[in-house]
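J.: Structure below; questions to follow.
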DNA sequence: GTCTATATCAAGATAGAC
DNA sequence: GTCTATCTTGATATAGAC
């Protein structure tokens, strides 16, 4: 198969696995079986697991860039834009998944150094995105931290207490931005 | 060594490891080396890893009970009691740790069934504790979810962005309860 | 109650054929 | 680009001696 397509396909599946299991717990074996390949073939495209982890972080950053472009072009009240960001972020996360950035953070102390740096970068980028969308509101950095922490904490709670929790949280976060 | 003391000691170390690495990632080998024992000796006290996981959940529940007793006896404004709960919960979590309940939640889909049940139980118990302390405030269940999600999400953020985030969150959570 | 030794399995990674 | 085969490591768990 064409190399760029295959690489993309592997990154895509790895991202799903990270959202479901976390970075440390997913394996080349899981991945290869789903893609109809062998572990060795994955290693051909991404020599080490950390290379694949880095590629996934890059992809998350690209996704954030695209979301910001889309949101800035929307014809909605600026005060709605942070909420729209959270809504779009959630749309990429299934019921049995958590935020991939949270997953990396949970494994953080045991990541290879270079991957830690990428995780820090995408973490700060996402915080910066929300803070930027809140720029007309007082105390935007602190508010961005509160919104994202609550959203991602709730995604983990969802695993144990069920999906209704997300509506409870979303409602309150919207109130917080009134 | 006395069996009850040894069991307690193992549970205590396991809890620390879960806060640092998560349930799936800590091992009897890590534990045994710290305690000056062998893996086999840990297996004598807790035949399977899931038995140890269950004991850790029990310990967390006991801790919640004790905290609630202590807080109810405190001579402070009822409106301060939820904040005091969060403060006490935080005091058991080091700078390089996350909330152990969050750690179990992150691993949730890959836990043995019986341990899932224990994690659900302690999760709901903690939510119930905060909701109870908020009982004079409107919408207490929803507020409890918001407070705990934000606190625990922030603990994971701390790993990637540093400790200052906790003061930002604490300050905002206090404002939310005014 | 703790030990040594070992069985079993899964993971990351590499060598070399096609 | 993908394969088979293999190495190495680390994990859960058990058997049996002391």
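Protein chains in written order, with our numbering: chain A, 4 to 181; chain B, 4 to 181. Even glycine gets a Cβ: it sits at the ideal position worked out from N, Cα and C. Just so it is clear, the structure is predicted and the values come from calculations on it, not from any experiment.
Spatial neighbours of residue 136 of chain A within its chain, please: CB distance less than 6 angstroms, with the 5 preceding and 5 following residues excluded, ordered by chain position.
T.: Excluding residues within five positions, the ones whose Cβ falls inside 6 angstroms are 84, 85, 88.
J.: Against chain A, does residue 21 of chain B count as a neighbour if the rule is that its beta carbon must be under 8 angstroms from one of theirs?
T.: Cβ-Cβ to chain A under 8 angstroms: no for residue 21 of chain B.
J.: Can you name the residues of chain B whose CB is closer than 9 angstroms to the CB of residue 99 of chain A?
T.: Correct list: 112.
J.: Around the Cβ of residue 103 of chain A, are there at least 16 other Cβ atoms within 10 angstroms (buried) or fewer (exposed)?
T.: So residue 103 of chain A counts as buried.
J.: Counting contacts by CB-CB distance shorter than 8 angstroms, is residue 133 of chain A in contact with chain B?
T.: So, not an interface residue.
J.: Could you work out which residues of chain A lie near residue 27 of chain B, taking near to mean beta carbons separated by less than 7 angstroms?
T.: Result: 28.
J.: Just to make sure I have the definition right: I need the residues of chain A whose C-beta is within less than 9 angstroms of the C-beta of residue 96 of chain B. Which are they?
T.: Those do not exist, as residue 96 of chain B stays about 14 angstroms from chain A at its closest Cβ, beyond 9 angstroms.
J.: Ordered along the chain, which non-local residues of its own chain (more than five positions away) have a Cβ less than 8 angstroms from that of residue 35 of chain A?
T.: These residues qualify, in order along the chain: 41, 42, 44, 45.
J.: In chain order, what residues of the same chain lie with their CB nearer than 8 angstroms to the CB of residue 121 of chain A, ignoring the 5 residues before and after it?
T.: Correct list, in chain order: 56, 57, 60, 61.
J.: For a test of the three-state rule: what should DSSP assign to residue 173 of chain B, helix, strand or coil?
T.: Helix at residue 173 of chain B.
J.: Measuring only the C-alpha atoms, how far is residue 166 of chain B from residue 98 of chain B?
T.: If I take the Cα positions, the gap works out to 7 angstroms.
J.: What span of residues does the alpha helix (DSSP H) with residue 89 of chain B cover, start to end?
T.: Run containing residue 89 of chain B: 81 to 94, per the alpha helix (DSSP H) assignment.
J.: For residue 25 of chain A, does the count of other Cβ atoms within 10 angstroms reach 16, so buried, or fall short, so exposed?
T.: By the 10 Å Cβ count, residue 25 of chain A comes out buried.
J.: Measuring only between beta-carbons, confirm whether residue 84 of chain B sits less than 8 angstroms from chain A.
T.: No, residue 84 of chain B lies away from the interface with chain A (no Cβ there is under 8 angstroms from its Cβ).
J.: Give a yes or no on contact between the region 144 to 156 of chain A and the region 167 to 177 of chain A, applying the rule of three or more CB pairs nearer than 8 angstroms.
T.: Short answer: they touch.
J.: When the cut-off is 8 angstroms and only beta carbons count, does residue 2 of chain A lie next to chain B?
T.: What the structure shows of chain A is the stretch from 4 to 181, and residue 2 of chain A is not part of that stretch, so it cannot be assessed.
J.: Is the beta carbon of residue 67 of chain A sitting closer than 8 angstroms to the one on residue 11 of chain A?
T.: Result no, Cβ atoms of residue 67 of chain A and residue 11 of chain A do not sit closer than 8 angstroms.
J.: Would residue 173 of chain A pass as an interface residue toward chain B - the criterion being a Cβ-Cβ separation below 8 angstroms?
T.: Not closer than 8 angstroms to any Cβ of chain B, the Cβ of residue 173 of chain A fails to qualify, so no.
J.: Give the range of the alpha helix (DSSP H) segment to which residue 61 of chain B is assigned.
T.: Counting along the chain, the alpha helix (DSSP H) containing residue 61 of chain B begins and ends at 52 to 76.
J.: Do you know offhand how far residue 180 of chain B's Cα is from residue 171 of chain B's?
T.: Between residue 180 of chain B and residue 171 of chain B, the C-alpha separation is close to 15 angstroms.
J.: Where does residue 132 of chain A sit, in a helix, a strand or coil, going by DSSP?
T.: Looking at residue 132 of chain A - three-state DSSP - the assignment turns out to be helix.
J.: Quick check on the burial criterion: 16 or more other C-beta atoms within 10 angstroms. Buried or exposed for residue 94 of chain A?
T.: So residue 94 of chain A counts as exposed.
J.: Would you kindly report the start and end of the unbroken alpha helix (DSSP H) that includes residue 4 of chain A?
T.: Per DSSP, residue 4 of chain A belongs to no alpha helix (DSSP H) and is neither H nor E.
J.: Name, please, each residue of chain A whose Cβ falls closer than 7 angstroms to the Cβ of residue 162 of chain B.
T.: The contacting residues are 108, 111, 112.
J.: Return the residues of the region 52 to 80 of chain A that lie within a Cβ-Cβ distance of less than 8 angstroms from chain B, sorted by chain order.
T.: Within the region 52 to 80 of chain A, no residue has a Cβ that lies closer than 8 angstroms to any Cβ of chain B.
J.: If the criterion is Cβ atoms closer than 8 angstroms, does the pair residue 117 of chain A and residue 53 of chain A meet it?
T.: Yes. Within cutoff.
J.: At a CB-CB cut-off below 7 angstroms, which residues of chain A make contact with residue 24 of chain B?
T.: 113, listed in chain order.
J.: Counting along the chain, where does the alpha helix (DSSP H) carrying residue 103 of chain B start and finish?
T.: Unbroken alpha helix (DSSP H) run through residue 103 of chain B: 103 to 110.
J.: Mind checking residue 146 of chain B: buried by the 16 CB within 10 Å criterion, or exposed?
T.: Buried: at least 16 other Cβ atoms inside 10 Å.
J.: By Cβ distance below 8 angstroms, which residues in the same chain neighbour residue 139 of chain B in space, the five residues on each side in sequence not counted?
T.: Here the set comprises 81, 82.
J.: Of all the options B:23, B:114, B:9, B:131, which has the alpha carbon lying nearest to the alpha carbon of residue 111 of chain A?
T.: Among B:23, B:114, B:9, B:131, the Cα nearest to that of residue 111 of chain A is on B:23.
J.: Using the Cβ count rule (16 or more neighbours within 10 Å means buried), how would you classify residue 72 of chain A?
T.: Exposed, because fewer than 16 other Cβ atoms sit within 10 Å of the Cβ of residue 72 of chain A.
J.: Please name the residue, chosen from A:48, A:78, A:21, that lies closest to residue 5 of chain A on a Cα-to-Cα basis.
T.: Of A:48, A:78, A:21, the residue nearest in Cα terms is A:48.
J.: Of the choices A:39, A:15, A:108, A:31, whose alpha-carbon is the least far from that of residue 160 of chain B?
T.: When each option's Cα is compared against that of residue 160 of chain B, the closest is A:108.
J.: DSSP three-state call for residue 27 of chain A: helix, strand or coil?
T.: Note: residue 27 of chain A maps to coil in three-state DSSP.
J.: To the nearest angstrom, report how far apart residue 8 of chain B and residue 101 of chain B are at their CA atoms.
T.: Cα to Cα, residue 8 of chain B sits roughly 26 angstroms from residue 101 of chain B.
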